[in-house]
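Read through the structure below, which is laid out as structure tokens, and then see the notes.
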Amino acid sequence: MEHTASELMTVNAARLLRDGDVVFVGVGLPNLACNLARRTHAPNLVMIYEAGVIGARPARLPLSIGDPTLVSGALSVCSMYDIFTLYLQRGNVDVGFLGGAQIDKFGNINATVIGPYDHPKVRLPGSGGSQEIAAWANRCYIITPHQKRRFPEKVDFRTSAGFLSGKTERQVAGVRGGGPQAVVTDLGILEPDENGELILTALHPGVAVEQAVANTGWALRVSDQLKITELPGEEELRILREELDPTGIYIK
Amino acid sequence: MEHTASELMTVNAARLLRDGDVVFVGVGLPNLACNLARRTHAPNLVMIYEAGVIGARPARLPLSIGDPTLVSGALSVCSMYDIFTLYLQRGNVDVGFLGGAQIDKFGNINATVIGPYDHPKVRLPGSGGSQEIAAWANRCYIITPHQKRRFPEKVDFRTSAGFLSGKTERQVAGVRGGGPQAVVTDLGILEPDENGELILTALHPGVAVEQAVANTGWALRVSDQLKITELPGEEELRILREELDPTGIYIK
Amino acid sequence: MTKLCSLAEAVSQHVHDGDCVYAAGFTHLIPFAAGHEMIRQGRKNLTLARATPDLIYDQMVAAGCARKIIFSYMGNPGVGSLRILRTEVEAGRLEVDEYSHFGMITRLQAGASGLPFLPMNPTAAVDLEQSNPNIRRVIDPYSGRELIAVPALHPDVAIIHVQRADVNGNAQIWGILGEQKEVAFAARKVILTAEEIVEEDVIRSDPNRTMIPGFIVSAVCHVPYCAHPSYTQGYYDRDNAFYLEWDKISESPDAVQAWLQEWVYGVRDSLEYWDKLGAEVHNRLKVNPRLASPVNYGDY
Amino acid sequence: MTKLCSLAEAVSQHVHDGDCVYAAGFTHLIPFAAGHEMIRQGRKNLTLARATPDLIYDQMVAAGCARKIIFSYMGNPGVGSLRILRTEVEAGRLEVDEYSHFGMITRLQAGASGLPFLPMNPTAAVDLEQSNPNIRRVIDPYSGRELIAVPALHPDVAIIHVQRADVNGNAQIWGILGEQKEVAFAARKVILTAEEIVEEDVIRSDPNRTMIPGFIVSAVCHVPYCAHPSYTQGYYDRDNAFYLEWDKISESPDAVQAWLQEWVYGVRDSLEYWDKLGAEVHNRLKVNPRLASPVNYGDY
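In the order they appear, the protein sequences are chains W, H, Z and D. Each number in this note's numbering comes from the position in the first sequence (counting from 1) with 229 added on. Each number in this note's numbering comes from the position in the second sequence (counting from 1) with 229 added on. Each number in this note's numbering comes from the position in the third sequence (counting from 1) with 1 added on. Each number in this note's numbering comes from the position in the fourth sequence (counting from 1) with 1 added on.
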């Protein structure tokens, strides 16, 4: 079956989720990925939104993470202070999804500024919840198109921490979460090696290593156990297209 | 009209409350005094209980400060952390009532131990909410029978701060509340002088200065503007006896 | 003791040029009508604080109300940039005081609690801390480790929209709570806008639902549909179409000024604004009922 | 994924000798049935933590379950002393870790938040601080002033009684909230006791009422009347007569042991205990309904 780049990324991200995971969900593709996982292999996934919603069961695809459809029929709603303390800082969140304008070799993310902070060339939205999600969720995943400008060797501004300059630096910093576990792109999947450097560990069917290397801003290393991902299945695509995003806002 | 010592203290304490005051209420006589004030000159009194109840309208006299009658029909219920932070520490409480086994010359209160802390002769209940009420309520009132053992020159243990060793010491400590404003006893009323020392400022009708002095553990000074309190009025006593404590649990 | 007045009176009496204003609400209950009223009354040099400035502050900045912004996520949620804010910040015309969401909310929690600061665990991402002298370190007196500290925020005025309140300002909220309670207690003054003004007995029937006690409230305004294009849970839907439309409008400064002329300066108040939206929008945002299960407090 | 089991199973599996136990509830919702079950199962050397130890810990100490108490008000509320606790402390047989209410609750809030400590403003009453090395100072990094600090409390087991929960442990509470939520999140394990087990749909109909999410709960026990002589708002009244009676019983160690024999060791579980209380008590504690006003979440 034909599929779009967004469908490919969403399906591969969904497969990284485990049944019973408590997931801090963002809008867009992460939201689609979580809902897809819940309808397939992870029926007990608990979706948490930074707006203070726990166990949402959205009846429609929300544009924002504060949509009323997330509230009606949810398990619990609490204040934002509670979400960030009782849930995230306390260690009750298994998975966080992150995004940003730049992701570097060690999975550090920039969502704040291109250029200097005081005189930005481009002012981006800023951290929102991501500084703490990146630090404290047990596992973090990143979904992003694979483009050289999005993957610089070093980000202009560290909005949220990956492995800093290497895994030991994160360990020394003493943050509780495990850091980024995978970056899902439209070409394949990057994962941290033992030093926290993102290396190519999987390619989607039909993609060449050279494509991934050419679209990465650092000298991308390739795992000696490089895998090929499974194509999105018919049922996965049906759920995405018919149930989750029938008007194709995100998956087109 | 005849009245008991408890009725006398309750009526005099009620008269210290102002309309619109937000009062942190304790059980027993403070509770009676607040409800009496609300039914007479202070209809807009807001009663707060450390259990997390705001604007209670108890339909019956509660034995404890966590009684269900305080909740049904209240304006708001919140957590204990909220009551102590948003209400008390933030400065939203006008009046606090305090009690204890010992009250000293500077209004410091002991509700913790008689004798040394590690090997107490008598183990009392401890602070509960009083350490913070004494520090942060704008005004504090104490209702207590006038007995020498209750009024030592210096308490064995400072559970909550009055004026410490004098008003400047409290000011230097930087606590936000004004400290004890009056001690209502069955003989009269003590109030702090400019140095924070409790002096006799009023006697109940028929009581002699000597009685108050003899029942105080320090050399009690007498205000040169000593007043005589007004006797409890008929309406005040009727409300206490018929509406608030019909079985006479507290006012006997 | 009623505090009931019009929103125009409340803004006129309680919001002054140069104030720090916090119009509360995370996606939900954003008091757009109050933002528009501040624009109509020509407030200047405001410090605008909100975790998510959202369209309300994009519009107020476009109208020239602000000199500084305190925030933690400057985006049009699910859509993209807040173009006006972004342009003003890139041009250096708007002062910035920036945090993560947790940092922002912690500032409010400290302010609401009467504490000078509150700690947060470190995140290992230090660039923002190094750019903002308000973010400091504090030593944990037990482990000796460094934690992050942010200072209390005390807005001069909080504007809080709620589902229902009584005339004294006792207010109930359900759905997303965001930072409503924390802002109300942190601020020096509270202006309350409510979808419905109800009898005190309605409030007293469900005290656990009451987030804000009347005695910290300065003014109570009856403002139905106050939140549009944001929403009020159970009352009307979020106008996602307008959030997408604003992304187009705000591409052009002229289009923005024309929009302000038509929808803010050109209407008297939020009722006229709602009326002007018309039946099609009203219908699109209508919500069918879905009631909470009954709760029994008992008659004690 | 049901976590439903009997209270005996939950205590047997999750409460171990030497644990720090926090049976939550400020006057309201005190899980007496769980205290009695711990007595029946002969738990020893427990550290018992509660702001107000109340009769539940007086009884557990009388039964020899505890070696240490963490508390902030050791009284029989509105009545007088907790005689057994007082005697044990005066005799030096029970270790003491004492705070003000605010200090105790702040320890829980820190624990629930994943922070090592939280600050409080100074009160100028320093005697308790000088007696308890757990109470320390922390420097406000803005003013340089000293604040008071207390360390996070992480009980091994929290026992939380609630009005209603589903089989996964999603739980709703109304009435006095005390420190229920903070204890649940601070603890390593949570045992939930509920007046009613309801369908998940009942919980989902009113998400703002849910205090505890199922995924932090280890066991869910259906225990009607669990709280007697404490109470459950809307379900039954507080048994003030028993609180007064305990003041008499606890004057004599023999009377206390006889009471434990009859009302704890002599009954199998809380249902038998409630039955044994008899019709007169049941009638006295019965409550007429008083319902909350309806709330509409909207069908989005």
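By construction, the Cβ of each residue, glycine as well, lies at the ideal position given by its N, Cα and C atoms. Values in this document were obtained by computation on a predicted structure and should not be read as measured data.
Per DSSP, which residues does residue i bridge with? Please list them.
i, result
"Gly-325 of chain H", "H:Phe-253, H:Cys-369"
"Cys-21 of chain D", "D:Thr-48"
"Asp-300 of chain D", "Z:Asn-289"
"Met-276 of chain H", "H:Val-252"
"Ile-70 of chain D", "D:Leu-49, D:Val-97"
"Met-121 of chain Z", "Z:Ile-149"
"Gly-406 of chain H", "Note: Gly-406 of chain H sits in no beta bridge, so no partner."
CB-CB under 7 Å to residue i, same chain, minus the five flanking residues each way: which ones, in chain order?
i, result
"Tyr-278 of chain W", "Val-254, Ala-285, Ile-294, Leu-299"
"Tyr-316 of chain H", "Ile-277, Val-322"
"Cys-6 of chain D", "Ala-220, Cys-222"
"Cys-66 of chain Z", "Met-39, Ile-40, Arg-44, Lys-45, Leu-47"
"Leu-473 of chain H", "Leu-261, Asn-264, Leu-265, Leu-290"
"Thr-233 of chain W", "Ile-480, Lys-481"
"Val-528 of chain H", "Because chain H here runs from 230 to 481, residue 528 of chain H falls outside it and cannot be looked at."
"Cys-21 of chain D", "Thr-48, Ala-50, Pro-156, Asp-157"
"Gln-360 of chain W", "Thr-388, Ser-389"
Counting only the same chain and skipping the five closest in sequence on each side, list residues whose C-beta sits under 6 Å from that of residue i.
i, result
"Pro-123 of chain Z", "Ile-149"
"Ile-106 of chain D", "Glu-180"
"Val-240 of chain W", "Pro-461, Glu-465"
Go ahead and label residue i buried or exposed: buried means 16 or more other beta carbons lie within 10 angstroms of its beta carbon, across all protein chains shown.
i, result
"Thr-476 of chain W", "exposed"
"Asp-248 of chain W", "exposed"
"Met-39 of chain Z", "buried"
"Lys-182 of chain W", "For chain W, the structure presents residues 230 to 481; residue 182 of chain W sits outside this window and is missing."
"Glu-99 of chain Z", "buried"
"Lys-190 of chain D", "buried"
"Gly-179 of chain D", "buried"
"Thr-233 of chain Z", "buried"
"His-102 of chain Z", "buried"
"Asn-171 of chain Z", "buried"
"Met-212 of chain Z", "buried"
Tell me whether residue i sits in a helix, a strand or coil according to DSSP, three-state version.
i, result
"Cys-263 of chain W", "helix"
"Gly-76 of chain D", "strand"
"Val-438 of chain H", "helix"
"Lys-249 of chain D", "helix"
"Asp-98 of chain D", "strand"
"Gln-258 of chain D", "helix"
"Tyr-188 of chain D", "First, the amino acid is wrong: residue 188 of chain D is Ala here, not Tyr. Reduced to three states, the DSSP call for Ala-188 of chain D is coil."
"Pro-225 of chain Z", "coil"
"Ile-106 of chain Z", "helix"
"Pro-381 of chain W", "coil"
"Met-212 of chain D", "strand"
Identify which residue in the options has its Cα closest to the Cα of residue i.
i, options, result
"Leu-274 of chain W", "W:Gly-257, W:Pro-259, W:Val-252, W:Ala-288", "W:Val-252"
"Leu-116 of chain D", "D:Asp-255, D:Cys-21, D:Glu-183, D:Ile-192", "D:Glu-183"
"Gly-358 of chain W", "Z:Pro-78, Z:Gly-112, Z:Glu-273", "Z:Pro-78"
"Asp-240 of chain D", "D:Gly-176, D:Thr-28, D:Gly-36, D:Ile-140", "D:Thr-28"
"Gln-400 of chain W", "Z:Ala-125, Z:Asp-255, Z:Ser-251, Z:Val-203", "Z:Ala-125"
"Asp-270 of chain Z", "Z:Lys-4, Z:Glu-10, Z:Thr-3", "Z:Glu-10"
"Val-451 of chain W", "W:Pro-354, W:Leu-427, W:Ile-468, W:Glu-465", "W:Leu-427"
"Ala-35 of chain D", "D:Ser-206, D:Asp-55, D:Asp-128, D:Val-12", "D:Val-12"
"His-162 of chain Z", "Z:Ser-206, Z:Arg-137, Z:Ser-101, Z:Ser-231", "Z:Ser-231"
"Ser-73 of chain D", "H:Pro-434, H:Arg-352, H:Glu-236", "H:Arg-352"
"Gln-410 of chain H", "H:Phe-392, H:Gly-403, H:Ala-402", "H:Phe-392"
"Asn-297 of chain D", "D:Ile-85, D:Ala-256, D:Ser-206", "D:Ser-206"
"Tyr-236 of chain Z", "Z:Ala-153, Z:Ala-195, Z:Gly-26, Z:Asp-128", "Z:Ala-195"
"Gly-329 of chain W", "W:Gly-407, W:Pro-381, W:Asp-453", "W:Pro-381"
"Ala-159 of chain D", "D:Thr-3, D:Met-2, D:His-17", "D:His-17"
"Met-238 of chain H", "H:Gln-318, H:Thr-414, H:Thr-458", "H:Thr-414"
Once the 5 residues before and after residue i are set aside, which same chain residues still bring their CB inside 8 Å of it?
i, result
"Ala-288 of chain W", "Thr-298, Ser-301, Gly-302"
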